[in-house]
Amino acid sequence: MEKNIKFPVVDLSKLNGEERDQTMALIDDACQNWGFFELLNHGIPYDLMDNIERMTKEHYKKFMEQKFKEMLRSKGLDTLETEVEDIDWESTFFLRHLPQTNLYDIPNMSDEYRAAMKDFGKRLESLAEELLDLLCENLGLEKGYLKKVFRGTKGPTFGTKVSNYPPCPKPEMIKGLRAHTDAGGLILLFQDDKVSGLQLLKDGVWVDVPPLKHSIVINLGDQLEVITNGKYKSVMHRVMTQKEGNRMSIASFYNPGSDAEISPAQSLGDKESEYPSFVFDDYMKLYAGVKFQPKEPRFEAMKNAAATKDANPVATVETF
Numbered sequence: 001m002e003k004n005i006k007f008p009v010v011d012l013s014k015l016n017g018e019e020r021d022q023t024m025a026l027i028d029d030a031c032q033n034w035g036f037f038e039l040l041n042h043g044i045p046y047d048l049m050d051n052i053e054r055m056t057k058e059h060y061k062k063f064m065e066q067k068f069k070e071m072l073r074s075k076g077l078d079t080l081e082t083e084v085e086d087i088d089w090e091s092t093f094f095l096r097h098l099p100q101t102n103l104y105d106i107p108n109m110s111d112e113y114r115a116a117m118k119d120f121g122k123r124l125e126s127l128a129e130e131l132l133d134l135l136c137e138n139l140g141l142e143k144g145y146l147k148k149v150f151r152g153t154k155g156p157t158f159g160t161k162v163s164n165y166p167p168c169p170k171p172e173m174i175k176g177l178r179a180h181t182d183a184g185g186l187i188l189l190f191q192d193d194k195v196s197g198l199q200l201l202k203d204g205v206w207v208d209v210p211p212l213k214h215s216i217v218i219n220l221g222d223q224l225e226v227i228t229n230g231k232y233k234s235v236m237h238r239v240m241t242q243k244e245g246n247r248m249s250i251a252s253f254y255n256p257g258s259d260a261e262i263s264p265a266q267s268l269g270d271k272e273s274e275y276p277s278f279v280f281d282d283y284m285k286l287y288a289g290v291k292f293q294p295k296e297p298r299f300e301a302m303k304n305a306a307a308t309k310d311a312n313p314v315a316t317v318e319t320f
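Residues 1 to 320, numbered by the UniProt record's numbering, are exactly what the sequence shown covers, in order.
Structure (structure tokens):
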């Protein structure tokens with residue numbers, strides 16, 4: 001990271017004191033110019049986070065590490081000789097929280113791990129909704145506007161991607177996760193505080209997201225860029241592999257419901273918007289095939305589809 005670039009870190013406890021205005025301004029600036037910020041004093045108990053980190057790493061070691069090694073061998077990645085651009089060096093599983101949980105369908109999770117992840121998910125859901133209202137306040141939207149848009153008729157979609165990025169012998173040959181913007185709404189990340197790797201693209205430069213203990217990293221998805229008419233931005237980000245250390249990443253996605261109607265807020269534009277209007281599930285179907293490509297053609301495709309009423313995407317994707 002360049003010395004003159006200071007990553008935005010927000011102390012959420014300052015919202016209740018004399019520094020509220022400065023804190024809200026910091027959040028607003030981060031949403032406009034970074035698409036990311038890091039939360040401290042967010043209210044999630046540190047002992048819960050410590051237990052989840054311990055159990056996530058134990059779960060990987062016991063149930064997923066061998067499968068990951070077998071995947072490497074099957075794809076010829078255990079002996080990297082040339083750069084690989086279409087595969088990610090990560091081991092993952094997915095949890096659904098809303099509208100219906102799959103927590104009890106995930107194999108090999110201990111009762112303690114399930115209970116902790118259920119508790120963590122509930123707390124992150126509340127934090128996401130609190131943050132959406134803070135964004136409304138900064139944007140001059142009525143309180144609850146973003147939550148209402150996300151709700152659709154079925155309620156929001158909320159899920160968690162649990163990832164491990166094991167040591168890579170040749171990190172220059174393959175990414176942990178290729179560069180992309182997130183399709184959805186608000187992303188809340190509990191990342192490893194010892195092994196780094198997450199980077200975002202700012203002003204043409206890849207910037208490290210600092211691994212701070214007990215922090216929650218927030219980033220904005222494409223839906224918030226559309227709803228805010230481009231005032232707030234989703235940004236390209238990636239995960240770099242490391243020669244040493246297994247990086248843990250628990251990313252929770254608070255997204256619109258599948259039938260939520262997404263469009264730029266009328267109060268945030270005084271002319272015809274450059275952004276499209278669409279149903280969230282239609283956007284996700286398009287995103288499935290072009291995740292690792294720039295977002296602008298996706299927006300343009302959705303706008304053209306709305307104009308011609310002729311969109312018929314067939315791909316499917318997890319909506320978190």
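C-beta atoms are modelled at their ideal positions from N, C-alpha and C, and glycine is treated no differently.
Quantities reported herein were computed from a predicted structural model and do not represent experimental measurements.
Closest in alpha carbon position to residue 75, among 63, 88, 64, 65, is 88. Counting along the chain, residue 147 sits inside the alpha helix (DSSP H) bounded by residues 145-151. With a contact defined as Cβ atoms closer than 8 Å, residue 162 and residue 250 qualify at about 5 Å.
Under the DSSP assignment, residue 187 falls in the beta strand (DSSP E) whose first and last residues are 186-191.
Nearest C-alpha to residue 99 among 215, 150, 178, 275: 150.
Here the region 215-228 does not lie against the region 152-166, with fewer than 3 beta-carbon pairs under 8 Å apart. At least 9 Å separates the beta-carbon of residue 234 from that of residue 124. The beta carbon of residue 291 is closer than 7 Å to those of 180 in its chain, skipping five residues each way along the sequence. Burial state of residue 174 is buried, judged by a 10 Å Cβ sphere holding 16 or more other Cβ atoms.
Taking C-alpha positions only, residue 95 is separated from residue 112 by approximately 15 Å. Across the structure, residue 107 and residue 33 are spaced so that their CA atoms are roughly 41 Å apart.
For residue 248, the three-state secondary structure derived from DSSP is strand. Setting aside the 5 residues that flank it on each side, residue 263 is surrounded in the same chain by 277, each with a C-beta closer than 6 Å to its C-beta; the list follows chain order. A contact between stretches requires three or more CB pairs, one per stretch, nearer than 8 Å, and the region 136-148 fails this requirement with the region 54-66. Straight across, the Cα-Cα distance linking residue 296 with residue 306 is about 16 Å. Residue 293 is classed as exposed because its beta carbon has fewer than 16 other beta carbons within 10 Å across all chains shown. For residue 302 and residue 51, the gap between their C-alpha atoms comes out near 42 Å. Going by DSSP, residue 120 is part of the alpha helix (DSSP H) stretching over 111-139. Unbroken beta strand (DSSP E) runs of no fewer than 3 residues, entirely contained in the region 39-106, are found at 91-98, following chain order.
For residue 160, the enclosing beta strand (DSSP E) has its first and last residue at 157-165. Counting along the chain, the unbroken alpha helix (DSSP H) around residue 26 starts and ends at 20-33.
Around residue 212, the same chain offers 9, 38, 40, 193 as residues with beta carbons nearer than 8 Å, after the five sequence neighbours per side are excluded. For residue 306, the enclosing alpha helix (DSSP H) starts and ends at 296-308. Close CB contacts of residue 68 within its chain, under the 7 Å cut and outside five residues either way in sequence, are with 91, 166 (chain order). Comparing alpha carbon positions, the residue from 256, 169, 275, 280 closest to residue 242 is 169.
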